[in-house]
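Numbering (our numbering), first residue to last: 311 to 599.
Using N, Cα and C, we set each Cβ at its ideal position, and we do this for glycine too.
The structure appears right after this line, and notes come after that.
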């Protein structure tokens with residue numbers, strides 16, 4: 311038995327894709343509908359930079375086919391400005407901003423730490439303990455908001471699971487204590503697939519990868535894409551990926567595991583093509599195909 315594998319890109323609006331990926335003449339307003347029909351998931355990055363309105367989330371969800379799932383990047387105020395310290399209210403403001411309007415299209419949240427943010431065991435524990443794991447907990451935390459630019463959106467209709475992944479880049483996180491914390495809280499360690507952070511420890515009942523390219527080239531050859539496809543298959547079946555280094559010995563894993571994988575390399579022009587190639591290698595099609 312295996313979990314569901316979803317492969318996609320970070321974002322869907324990128325000018326060069328209009329020459330190499332999107333059909334000629336496709337209107338920009340139709341690009342999300344086109345991509346969401348052909349990819350398993352898309353990571354929303356606009357949420358990292360600013361709060362998005364409920365109407366925007368609702369509109370995005372309406373453009374996608376049944377079975378499609380977004381993931382949502384956490385706000386930089388939590389990760390880069392506050393650096394996870396004293397973030398109960400910033401988290402409440404983020405969750406109340408409108409993200410719940412995605413409904414059943416809401417997948418995991420991804421919290422990306424800055425590269426110079428080092429491991430602090432107590433601060434990490436406090437942050438992980440704050441993260442809501444159920445729709446009810448999500449609404450309860452969001453209700454504490456003091457954000458007054460938009461009315462809070464506190465309707466979790468359609469949301470059945472609330473999951474979180476965290477991306478780290480500082481070498482101090484290569485610490486078995488950190489891996490143990492993530493496993494205790496069922497938070498996924500983001501597999502970044504870079505020379506600086508090559509680790510692929512699986513710490514939750516789902517996997518999250520932000521594939522950032524081969525060292526030095528920031529792109530993937532066909533053979534490298536095939537290897538990543540093998541990794542995704544292994545994780546979905548609850549197995550470690552061959553050749554992927556670990557911080558700590560593999561822990562207990564579920565019989566199956568959902569997998570979210572995004573091509574986010576600086577060679578962004580090829581990201582949707584890499585995603586489609588990996589989907590083909592895995593025998594996957596988009597939810598609208």
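Limits of the alpha helix (DSSP H) - the one that residue i falls within
i: residue 357; result: 356 to 359
i: residue 437; result: 431 to 440
i: residue 451; result: 445 to 452
i: residue 327; result: 327 to 330
i: residue 269; result: Here the chain covers residues 311 to 599 and nothing more, so residue 269 does not appear.
Residue i versus residue j: straight-line alpha-carbon distance, rounded
i: residue 357; j: residue 381; result: 10 Å
i: residue 582; j: residue 336; result: 16 Å
i: residue 359; j: residue 365; result: 17 Å
i: residue 321; j: residue 352; result: 6 Å
i: residue 533; j: residue 546; result: 20 Å
i: residue 556; j: residue 510; result: 6 Å
i: residue 560; j: residue 340; result: 43 Å
i: residue 434; j: residue 343; result: 37 Å
i: residue 376; j: residue 598; result: 8 Å
i: residue 486; j: residue 355; result: 29 Å
i: residue 517; j: residue 315; result: 9 Å
i: residue 512; j: residue 521; result: 15 Å
i: residue 372; j: residue 317; result: 20 Å
i: residue 538; j: residue 456; result: 43 Å
i: residue 483; j: residue 338; result: 40 Å
i: residue 477; j: residue 508; result: 12 Å
i: residue 492; j: residue 472; result: 15 Å
i: residue 404; j: residue 551; result: 34 Å
i: residue 347; j: residue 378; result: 8 Å
i: residue 420; j: residue 334; result: 33 Å
i: residue 566; j: residue 584; result: 25 Å
i: residue 458; j: residue 469; result: 24 Å
i: residue 575; j: residue 387; result: 23 Å
i: residue 479; j: residue 385; result: 17 Å
i: residue 423; j: residue 415; result: 25 Å
i: residue 481; j: residue 488; result: 12 Å
i: residue 579; j: residue 349; result: 16 Å
i: residue 408; j: residue 500; result: 24 Å
Per DSSP, cross-strand counterpart(s) of residue i
i: residue 351; result: 318 and 379
i: residue 516; result: 568
i: residue 409; result: In the DSSP output, where bridge partners are listed per residue, residue 409 has none listed.
i: residue 501; result: 519
Boundaries (first-last residue) of the beta strand (DSSP E) holding residue i
i: residue 418; result: 416 to 422
Cutoff 8 Å: residue i Cβ touching any chain D Cβ
i: residue 555; result: Going by chain labels, chain D is absent from the structure shown, which holds only one protein chain.
Note down, one range per segment and in chain order, each alpha helix (DSSP H) of at least 4 residues found wholly within the segment 518 to 589.
Under the rule that a run must span 4 or more residues, the alpha helix (DSSP H) segments found entirely inside the segment 518 to 589 read 532 to 546.
Counting only runs of 3+ residues fully inside the segment 473 to 499, write out the beta strand (DSSP E) ranges in chain order.
If we require 3 residues or more, the beta strand (DSSP E) runs fully inside the segment 473 to 499 come out as 474 to 477.
Does the segment 385 to 405 come close enough to the segment 328 to 347 to have 3 or more Cβ pairs within less than 8 Å?
no
When you compare the segment 421 to 428 with the segment 459 to 466, are there three or more beta-carbon pairs, one atom per stretch, that lie closer than 8 Å?
no
Taking contact to mean 3 or more Cβ pairs, one atom from each stretch, closer than 8 Å, check whether the segment 539 to 547 and the segment 580 to 596 are in contact.
yes
Assess contact between the segment 493 to 508 and the segment 446 to 454, defined as three or more Cβ pairs (one per stretch) separated by less than 8 Å. Is contact present?
no
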